[in-house]
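One structure is given here, and the rest of the page talks about it.
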Amino acid sequence: TLEFSNTTPLPAKIYANEGSSQFLFLKADEICETSYADRKGKYMKQKGVTLPKI
682 TLEFSNTTPL PAKIYANEGS SQFLFLKADE ICETSYADRK GKYMKQKGVT
732 LPKI
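Counting in our numbering, the sequence shown runs from 682 upward without gaps.
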């Protein structure tokens with residue numbers, strides 16, 4: 682899930698077919714203490730596009 686927010690008073694444009702972010706995945710050496718499921722993550726098991734759940 683990606684969410685973009687313009688926090689300036691100036692207009693912002695996001696163009697199709699342009700990069701917008703970079704992801705870095707790290708492999709842990711041990712199991713996490715609290716999983717996303719344990720935290721009852723808002724976006725767990727979503728299907729397709731999901732609007733922000735605030």
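C-beta: ideal position from N, C-alpha, C; glycine also.
Below 8 Å between beta carbons: does that hold for residue i and residue j?
i    : j    : result
L683 : S702 : yes
K723 : K734 : yes
Only counting the same chain, and skipping five residues up and downstream in sequence, which positions put a Cβ closer than 6 Å to that of residue i?
i    : result
A693 : N687
T689 : none
Report all residues from its chain with a CB closer than 7 Å to the CB of residue i; omit the five preceding and five following residues, and keep chain order.
i    : result
F685 : I695
A718 : M725
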